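*Asks:* Residue numbers (my numbering): 481 to 667.
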Amino acid sequence: TATTNNDGAFAFPNLTALTLALTPSKTGWGFTPSRYDYAPLGGNKNNQDFRALVSPRVATVGPGDELTLSLHPLSGDKNVLIGKNTFTEPVTLTLSEPTEFPDGPSDFAALTGTRIGLQIDSSGNSQPTRDITLTLSYRDSDVAGVDENRLRIAFYDETSGKWVPLPSSPDPQNNTVTGKVRHLSLF
Numbered sequence: 481t482a483t484t485n486n487d488g489a490f491a492f493p494n495l496t497a498l499t500l501a502l503t504p505s506k507t508g509w510g511f512t513p514s515r516y517d518y519a520p521l522g523g524n525k526n527n528q529d530f531r532a533l534v535s536p537r538v539a540t541v542g543p544g545d546e547l548t549l550s551l552h553p554l555s556g557d558k559n560v561l562i563g564k565n566t567f568t569e570p571v572t573l574t575l576s577e578p579t580e581f582p583d584g585p586s587d588f589a590a591l592t593g594t595r596i597g598l599q600i601d602s603s604g605n606s607q608p609t610r611d612i613t614l615t616l617s618y619r620d621s622d623v624a625g626v627d628e629n630r631l632r633i634a635f636y637d638e639t640s641g642k643w644v645p646l647p648s649s650p651d652p653q654n655n656t657v658t659g660k661v662r663h664l665s666l667f
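1) How big is the Cα-Cα spacing for Pro647 and Thr572?
2) Please check if any C-beta of chain D sits within less than 8 Å of the C-beta of Lys558.
3) What distance in whole Å lies between the Cβ atoms of Asn565 and Pro543, which are believed to be in contact at a cut-off of 8 Å?
4) Where DSSP assigns a beta bridge to Ala501, which residues make up the other side?
5) So what does DSSP say about Val623, is it helix, strand or coil?
6) Which term fits Leu500, buried or exposed, when burial requires 16 or more other beta carbons within 10 angstroms of its beta carbon?
7) Hey, quick one: how far does the beta strand (DSSP E) through Arg531 stretch, first residue to last?
8) Is it right to say Thr615 is buried, meaning 16 or more other beta carbons lie within 10 angstroms of its own, or is it exposed?
9) Residue range of the beta strand (DSSP E) that Asp651 falls in?
10) Across the segment 579-593 and the segment 550-564, are there enough close Cβ pairs to call them in contact, namely three or more that are closer than 8 Å?
11) Spatial neighbours of Asp622 within its chain, please: CB distance less than 7 Å, with the 5 preceding and 5 following residues excluded, ordered by chain position.
12) Is DSSP giving Asn605 helix, strand or coil here?
13) By Cβ distance below 7 Å, which residues in the same chain neighbour Asp517 in space, the five residues on each side in sequence not counted?
14) Out of curiosity, what's the CA-to-CA distance linking Asn655 and Arg630?
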C-alpha cells in the first residue's frame, strides 16, 4: 500500500521483478483507468497516472419536488436546480463526471471545449417539461487563455453529432457558468 503526496506522486521502493496490479482507491471516488497490471514489473514505470472521478450522484425526483442536485468533482461544483412540476412522473436522475467529450462541430459558432462538464441521465429517457438550471464551476487553470466572459454551456446532440451552445451567463468573478436546459444529456 502507498499513499500519494500532495502532487499525487507515489512510489513503491525496493520492489523486485514480480507480477502486481496497481489499483487506486478513495471513498466516494472512481478512477480511470481502474488499474494497471505489471507482469513482471521490470523496473521504474513513468506516466502511470490515474484520473480521479467523483462517484455519480443518483436521486429520484417526483413531480412536486423542488431541489438542487450537486456533484463535487475536482474541477468545481456542478449544480442542477430542479423546480416543482419539472417532471410529470417520478424519475431517477444520475449526475456524473464525463470521462470523454466527443469531438464534434457546432453550427452556431466556433466552440473550444474546456473538458469541464456534466453528464445527466434519466430513467426511461425522461426529459423535463420545464427548464432546469445548470451551474458549472471551473478552476482558473481549466480556462487559461480563454476570455471567461465568453464561456457557454453546450450540450452534445448525439443525433447530429454536434455541440449545441445554450444561452448562458458566465460569472468570471465566481468561476461559474449558468444556463437553462430542457434536455438531459452531456454538457
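Just so it is clear, CB atoms sit at the ideal spot from N, CA and C, and this is done for glycine as well. Just so it is clear, the structure is predicted and the values come from calculations on it, not from any experiment.
*Replies:* With the structure as the only source:
1) 26 Å
2) The structure shown contains no chain D, having only a single protein chain.
3) 6 Å
4) Asp517
5) The three-state reading of DSSP puts Val623 in helix, counting H, G and I together.
6) exposed
7) 531-534
8) buried
9) 648-651
10) no
11) Ser555, Thr594, Ile596
12) helix
13) Ala501
14) 12 Å
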